[in-house]
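My numbering runs 75 ahead of the 1-based position in the sequence shown. What follows is a short report on a single structure.
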Amino acid sequence: MQVQLNKQLIGSRLKNVYDGWRNASQNDEYGSIADAEALLLLSGDPAGEDEPCEERDCLPGETWLLGYEFPSTLLLFQKDKLLILCSASKGVYCLIRCATISHFQRDTWSRYSCKQRRRSNPSDALPKFVEAYTSFKRVGSLLKEACTGKLMTEWEQGISKADNKPELVDMAPALSAFMAVKDEEEMKCIRTAANLSSTLLVHHIVLKLEMILDKEAKITHEQFATQIEARIGSGEGDDAKGPDMKVWSKGRGLNDVDWASTEFCYSPIIQSRSTSTGYDLRSTAESSSDTIAHKGVFLIAVGMRYKGYCANLGRSIIVDPSKEQEAIYNLLLSMQNEMLREIKDGVTAREVYQRALDIVKKEKPELEKNFVKNVGYGTGVEFRDSAYLLSPKNSKHLKTDMVLNVSLGFSDLLDDNGKKYALHIVDTIRVGADRSTLLTEGAKSTKDTLFFLNPENDVEVEEDKPSKALKKPPVKPLVNGSPIKNKTVAGKVLRNKTRSAAQEEVLMTAAAKIKDHQQHLHESLQSAGLAKYSEGPSGGGEKEGKTWKRFQSYKGESALPREVESLRISVDRKAQTIVLPVHGFAVPFHINTIKNVSKNDEGDFTYLRINFQTPGQLAGKKDDTPFEDPDSTFIRSVTYRSTDGHRFDTISKQITDLKKEVNKREQQKKEMADVIEQDILVEIKGRRAHKLPEVFVRPALDGKRLPGEVEIHQNGLRYQSPMGSQKIDVLFTNIKHLFFQPCDKELMVIVHIHLRAPIMIGKKKAHDIQFFREASDVQFDETGNRKRKHRYGDEDEIEMEQQERKRRQMLNKEFKLFAERVAEAASTSMSETLEVDIPFRELSFEGVPFRTNVRLQPTTECLVHLIDPPFLVVTLNEIEIASLERVQFSLKQFDLVLIFKDFTKAPLHINSIPSGQLDDVKNWLDSVDIPLGEGPVNLNWGPIMKTINESPYDFFQQGGWRSFLGGGDADSDADQDSDSESEFEADPEELQSEESSADASEYDGSDASDDSGSGSAFDDESDDGDDWEELERKAAKSDSKRAAEAKGTRGDSDSDDDRPKKKKAPAKPKANANGKSKKR
């Protein structure tokens, strides 16, 4: 197979080598070759398929320079030319390609080709190459690398016969510096290798290990590693097997992989407690022939190599972990997150190691002796570049776009039984300007790596131990996570549970667990609220913008319009001012000082009243205006009288219209305050941009509704209309959430983007942009078309259903692939990772967030409705608490109110959710760690949030949400209340009379203190008020008796009409001598 080399890429890398070589004396990184007169790179015979990449005879320098492995090749860099000696088949091809590189002139190349040797005519290419090499006094080479092969043997023989041998200097540090910073082509290869490694780990290794533990299969570590290696294909000829696409199809961005260029960096490393040689954290460790244990710590390490570039990851999986092991593993997770922030452009390798060691000393100082001696190394073409070893003695600086293999771990740890074990977390990362980003991912959180045994399997072990009180399961908050079902490996291993939670599962019901979890969440919320708002009385909770806004009508008297000379009321729309005559002076009043205007006609005169904004008025929300000095003297209103009613009508209308216009302008300005102006989209160059054709956009552009196409560029997306006249640009930095919603059970397939800040599309503000394509076949005519003219019956319908199913599958695949490409491009462009979020339809519920009933679907990070506008996207980690309202057995629906952590933001109401989904909603909210409150009635959240915003700290000091909404232990309080109330049961007649008196009090115009001052009903010497109450009670009893008789003996309609009606308590009030209002 012919290989096409990238001439421009080779030329740019050659230029980097020569530029660094010329300036070596000024740069410490290239100091090792400063005095070298030439540079020599050697490559031996081709490596075998099973040989790991660390032991290859083809050196990484040649692979990096030429972009392809050329075994049996010699390269001699001179100041003015480059000599290449290789086999005839590659020599001619290589020299032709290299000779046309624009960075070097054609005449600088000397061509030597090792032609096929005949016994009678030996070639002189090798002697001439040796002659050129021995003409120098100092030559830079890789002294620690040893190459083998026929050409290497002849080379060594030629050198031994030479009279003068040059002095060799080690050029390894300089070569590492050349290869350390990766260009875009290298990053593509490394990213693909990282995706291969992550996919293999998540979708095969972990699942296979679960199956081994479940079935307690007897398989050796070596056999397991061999099965893993077979995923990229095995065998030759007719027995050859291709890559296992069941595994690789689940990975991201692996559709166009060149499998011929894919291989393992080393044989996968699997270790367990039964490994005879013990745990080994080095990358040179091997999987032993011992049978895999079914308990304890499992160490996994796997590395993939794609087009010569390596990526590596390692994981620790613990079955039945102890508390100490959990704590150490959590320390490794937190340490890796800190390392991602620490590793950035400009820091030295030893600073990285020292920071990791400081974390160990702070959190667990007793583990300092067990910590690894280095925390990683540089990687790329060379699997382990020791020049960039992250050790305490390495002072080399890290640069942007370097790729490191960060390896954190502890060795020689002792478990409860005194046996040694080790833990590690290994990932490949990319160094950024401000922080690093992960290239490998998956199977790292505790829910994926900690397996716990079922309690019934541990009964025999626990019988001998003294019984302990059951502890509450520690709840670890999910990071915007949707509920993940607890995985059970056939009754043997439970995942996503702590040990205590697994033991309590037998005793606790689902409702009890939710209640216990909610109590913990409310306690955390209360403590977090107190800590957040303890700095000040308001804690920054008040709305910004409620400040005195200065305004000015005119800068001086000269700016007044000429109309004021007549001393008549005039409206200056340009200055937004009303000029009023006051005692012979023209006094201007800005429109913002005027509240409203009214006009009344009385006889021959018309009165015009102008009301001003003053403090102390009963103002609504819109008129709640602050004042610079509320203690000043204010004019409440001004009234004018005139016989010209028509003129006053015109003035009143002008003032009212101006007020409306100013208010509308202010409202529009407030709405557009958060709209941003995006940076310029940088179009991609050098290749065609990835496109998604034939898609519609919402919000729709002006003009006829036609499908356009979406393109992925360097720093964002661009939607282009079919005519090319309109476009929408969305930058990756403004994308907050990216959703893909398949067309399963829907009429369209969707890629939805939720923005961090809104942008203008046409004349509208947009928080969301959606690209969709309809899934139904609108071209098919059900009445008879094409095939239906000649075919009838079920066969035709079955075929159409199959075509519809295939079309939907193709749509889902196309849109999902595009969404993943968007996420990959955004993650590459930004320092943070953007993930594609897919709604969980099985967790959906119906509700009314706006005006219509829609289906709301949870995702990993949000609650969304994406089918019809207006769209709904609620980020879960922005929710403070959820309030369930109108929760009553007699009602068929309930409401959900979501209160946000930003108290200045209005709560979101989702109304009319079916009561049958109450438990599902509770379970979902509890699973994503959102505190709950529950009540039988709706609350007026406007005044509530206003009161909380005035002083959030006082709100939390008085109990916060827990006391306000009754969260956590509210059920137990309600149970205690119900028990105490059940001890006494009132007489039905007395209860009814009390209800009647309560109803009467609602319409009573008297004060509460007057009612409380009334005498006893049993006092014979009571006043008139007491007699009225007695009469009321008697009347209520009489009414109840008549109602009971009426139920017993039902008469006809005439008798019902003649029956006296029940007297209602709220009758006409009468005033007695004491001034009290009484009712009869």
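Even glycine gets a Cβ: it sits at the ideal position worked out from N, Cα and C.
Start and end residues, beta strand (DSSP E) containing residue i
{"i": "residue 1019", "result": "Run containing residue 1019: none in the beta strand (DSSP E); it sits in the alpha helix (DSSP H), 1016-1025."}
{"i": "residue 329", "result": "From DSSP, residue 329 is part of no beta strand (DSSP E); its letter is neither H nor E."}
{"i": "residue 502", "result": "495-505"}
{"i": "residue 916", "result": "Looking at the DSSP string, residue 916 is not in any beta strand (DSSP E), and its letter there is neither H nor E."}
{"i": "residue 451", "result": "451-453"}
{"i": "residue 742", "result": "Counting along the chain, residue 742 falls outside any beta strand (DSSP E), though it belongs to the alpha helix (DSSP H) covering 720-746."}
{"i": "residue 647", "result": "645-647"}
{"i": "residue 671", "result": "669-677"}
Three-state class that DSSP yields for residue i in the structure shown
{"i": "residue 88", "result": "helix"}
{"i": "residue 303", "result": "helix"}
{"i": "residue 64", "result": "Residue 64 cannot be examined here, being either before or after the span of the chain that is shown, 76 to 1155."}
{"i": "residue 195", "result": "Caution is warranted here: a pLDDT of 35 is assigned to residue 195, below 50, making its placement in the model unreliable, and the coordinate value is therefore given only provisionally. Coil at residue 195, not helix or strand."}
{"i": "residue 657", "result": "strand"}
{"i": "residue 159", "result": "strand"}
{"i": "residue 69", "result": "Any property of residue 69 remains undetermined from this structure, which presents the chain solely from 76 to 1155."}
{"i": "residue 464", "result": "coil"}
{"i": "residue 986", "result": "strand"}
{"i": "residue 948", "result": "strand"}
{"i": "residue 1134", "result": "With a pLDDT of 44 at residue 1134, under the threshold of 50, the modelled position of that residue is not reliable, and no figure is offered here."}
{"i": "residue 483", "result": "strand"}
{"i": "residue 218", "result": "coil"}
{"i": "residue 831", "result": "strand"}
{"i": "residue 93", "result": "helix"}
{"i": "residue 178", "result": "Its pLDDT being 40, under 50, residue 178 is placed unreliably by the model, and nothing is read from it."}
{"i": "residue 823", "result": "strand"}
{"i": "residue 354", "result": "coil"}
{"i": "residue 1028", "result": "helix"}
{"i": "residue 346", "result": "strand"}
{"i": "residue 812", "result": "strand"}
{"i": "residue 316", "result": "strand"}
Option nearest residue i by Cα separation, candidates the options
{"i": "residue 503", "options": "85, 455, 462, 488", "result": "455"}
{"i": "residue 491", "options": "397, 464, 414, 472", "result": "397"}
{"i": "residue 161", "options": "307, 711, 746, 117", "result": "117"}
{"i": "residue 931", "options": "937, 920, 975", "result": "920"}
{"i": "residue 139", "options": "155, 81, 113, 986", "result": "81"}
{"i": "residue 243", "options": "219, 915, 253", "result": "219"}
{"i": "residue 811", "options": "937, 627, 643, 835", "result": "937"}
{"i": "residue 992", "options": "477, 944, 1116, 962", "result": "962"}
{"i": "residue 798", "options": "780, 509, 691", "result": "780"}
{"i": "residue 747", "options": "718, 839, 222, 721", "result": "839"}
The ligand GTP heavy atom lying under 7 Å from the CB of residue i
{"i": "residue 266", "result": "In the structure on display, the ligand GTP does not appear, and there are no ligands present to speak of."}
Alpha helix (DSSP H) segment containing residue i, residue limits
{"i": "residue 208", "result": "200-209"}
{"i": "residue 253", "result": "247-255"}
{"i": "residue 996", "result": "993-1002"}
{"i": "residue 1035", "result": "1035-1040"}
{"i": "residue 225", "result": "225-236"}
{"i": "residue 604", "result": "585-607"}
{"i": "residue 281", "result": "281-290"}
Whole-Å CB distance - residue i paired with residue j, under 8 Å assumed
{"i": "residue 279", "j": "residue 303", "result": "7 Å"}
{"i": "residue 912", "j": "residue 813", "result": "6 Å"}
{"i": "residue 733", "j": "residue 651", "result": "7 Å"}
{"i": "residue 384", "j": "residue 358", "result": "That belief does not hold up - the Cβ atoms of residue 384 and residue 358 are roughly 16 Å apart, past 8 Å."}
{"i": "residue 462", "j": "residue 474", "result": "The Cβ separation is near 13 Å, so there is no contact."}
Are there three or more Cβ pairs, one per stretch, closer than 8 Å when the region 946-956 is compared with the region 1004-1016? yes
I'd like to know if the region 228-248 and the region 258-273 are in contact, where contact means that at least 3 CB-CB pairs between them fall below 8 Å. no
Please confirm if the region 368-377 is in contact with the region 271-289, defined as three or more CB-CB distances below 8 Å between the two stretches. yes
Assess contact between the region 770-778 and the region 842-849, defined as three or more Cβ pairs (one per stretch) separated by less than 8 Å. Is contact present? yes
I'd like to know if the region 821-834 and the region 802-809 are in contact, where contact means that at least 3 CB-CB pairs between them fall below 8 Å. yes
Inspect the CB distances between the region 281-293 and the region 346-361 and report whether three or more fall short of 8 Å. no
Using 8 Å as the cut-off, can you tell me whether the region 703-716 makes contact with the region 673-692, which would need three or more C-beta pairs spanning the two stretches below that distance? yes
With three or more beta-carbon pairs closer than 8 Å as the criterion, would you say the region 426-437 touches the region 445-452? yes
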